[in-house]
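In full-length UniProt numbering, the protein residues as written are 1 to 488.
Only one structure is covered here, and it is reproduced in the block below.
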């Protein structure tokens, strides 16, 4: 397209081909027969705004940070490649940066309740002066962390030989002295045991403080607590960079990052209603004038006649929601499906993606072993053309949202993600910009209880947590204690 003398290449949207996903990295890979420690299981994943950092939290209350390295490796060669007219073909690569203990196990003596140290959610805040800021929460307490490099200072050029100094070392035999020196009152000694420096007192000098290597230090800046009677399910930053919201089962609170002593209750569902709030998110880039908040509306799908059963409300419970970058569309995940909503259409979802329809005949068994209450997360690509969510057997699914797309790819969290890949046929879909007023569709339906290779699904291995890179086709997902990364 030519506009004002500039030429811009526009890729066709309709009928885009499914992405070919490839393995990139794995951190904490489990070896065959290795026993998994409960505290090492990953419970939260989050990219920062530009995708240069990745944070994970685990059930042991630890937060682990990773930083991107592939951009640094190509900076020095970028101009050379441009001169050669050679494209930079790379994908996001990360390395371990640091980790810290965010939460410790606690006990609520008033309610006789144990509070786990497990990290429920992590959210990145705006960086400042080279320092990273992030929020982490367990069931009751939210913390604001600052992570930055600190220079390690050391005192050098001492007058005393460190190999002979005993001030900081253990004194052996101090209670039983075998010295032949004659001691006098007040601790004196008849022999002259003072050692003068070579050259006399003029050779004495002042110690020097020097800076050697730099270490990453994590410091807790704020602790937000005593505001939720129920377990905190999620937290979300607001676009103003100054406030965030937190949600438990029955209420949503608004916080200022700089004020930890008080919060404002903006949503309170009375016990008579008993409607659980299982997730919250802040709409990107929009707060009403005067600092007020908008109640956009209530979104509820229509049930098919005669389809209601004992499990209807359980599987309809929303476990995660995400806003698209356009601020208009919302992606929600319930137990069986992904749903895409338009905030201007509250009558029902504009698209429904079946994640594991083969489980519907097994709902009784899943209820007996509590698997029906598993909370799967969801995510959108940065351009809004694809969505992804996890399933059982360490599988996750990627669906296409672009116009004419039939993409419904099944991938496995392993070094060979396409090993159990299966494509599900579906009707053509529409892009996010053209979803309003279209006939609602269902994609990715699969009624089989086995994969393409005839392998039975493992309901004990579940992929609950995953995140999509904000600018590139790269997905990070957690399979138990292992962090897998893929690109396309």
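Even glycine gets a Cβ: it sits at the ideal position worked out from N, Cα and C.
Could you check the C-alpha separation between residue i and residue j for me, to the nearest Å?
i, j, result
"residue 242", "residue 266", "16 Å"
"residue 359", "residue 467", "24 Å"
"residue 221", "residue 379", "29 Å"
"residue 95", "residue 25", "9 Å"
"residue 41", "residue 460", "13 Å"
"residue 125", "residue 335", "30 Å"
"residue 482", "residue 205", "54 Å"
"residue 10", "residue 218", "Model confidence at residue 10 stands at a pLDDT of 34, short of 50, so the residue's coordinates are unreliable; what they give is reported in the following sentence. Whole-angstrom Cα-Cα distance: 44 Å."
"residue 441", "residue 348", "Confidence at residue 441 is low in this model, with a pLDDT of 45, below 50, so its placement is unreliable and the value that follows should be read with caution. Whole-angstrom Cα-Cα distance: 11 Å."
"residue 133", "residue 68", "17 Å"
"residue 49", "residue 135", "14 Å"
"residue 314", "residue 372", "8 Å"
"residue 486", "residue 324", "21 Å"
"residue 35", "residue 328", "45 Å"
"residue 363", "residue 71", "46 Å"
"residue 32", "residue 479", "14 Å"
"residue 97", "residue 310", "47 Å"
"residue 369", "residue 240", "43 Å"
"residue 345", "residue 232", "29 Å"
With DSSP collapsed to three states, give me the class of residue i.
i, result
"residue 316", "helix"
"residue 419", "coil"
"residue 379", "strand"
"residue 350", "coil"
"residue 67", "strand"
"residue 459", "coil"
"residue 152", "strand"
"residue 41", "coil"
"residue 371", "helix"
"residue 477", "strand"
"residue 357", "helix"
"residue 325", "coil"
"residue 545", "Any property of residue 545 remains undetermined from this structure, which presents the chain solely from 1 to 488."
"residue 21", "coil"
Find the nearest neighbour of residue i within the set the options, judged by alpha-carbon distance.
i, options, result
"residue 115", "328, 401, 352, 226", "226"
"residue 229", "212, 111, 236, 215", "111"
"residue 106", "140, 122, 129, 128", "140"
"residue 458", "53, 394, 129", "394"
"residue 473", "385, 417, 406, 463", "385"
"residue 39", "312, 260, 103", "103"
Since I believe residue j is in contact with residue i (beta carbons under 8 Å), could you give me their beta-carbon distance rounded to a whole number of angstroms?
i, j, result
"residue 117", "residue 60", "6 Å"
"residue 396", "residue 388", "6 Å"
"residue 131", "residue 146", "5 Å"
"residue 338", "residue 399", "7 Å"
Apart from the five residues on each side of it in sequence, which residues of its chain come closer than 7 Å, Cβ to Cβ, to residue i?
i, result
"residue 101", "61, 62"
"residue 20", "488"
"residue 374", "462, 464"
Identify, in the order they occur along the chain, each residue of the same chain with its Cβ nearer than 8 Å to the Cβ of residue i, setting aside the five sequence neighbours on each side.
i, result
"residue 245", "235, 236, 238, 252, 253, 254, 255, 266, 280, 282"
Considering only residues of the same chain and omitting the five flanking positions on each side of residue i, which have a CB-CB separation below 6 Å?
i, result
"residue 262", "none"
"residue 151", "211, 214"
"residue 533", "No answer is possible for residue 533: it lies beyond the span of the chain, which begins at 1 and ends at 488."
"residue 484", "26, 413, 477"
"residue 433", "With a pLDDT of 47 at residue 433, under the threshold of 50, the modelled position of this residue cannot be trusted; read the value that follows with caution. Contacts found: none."
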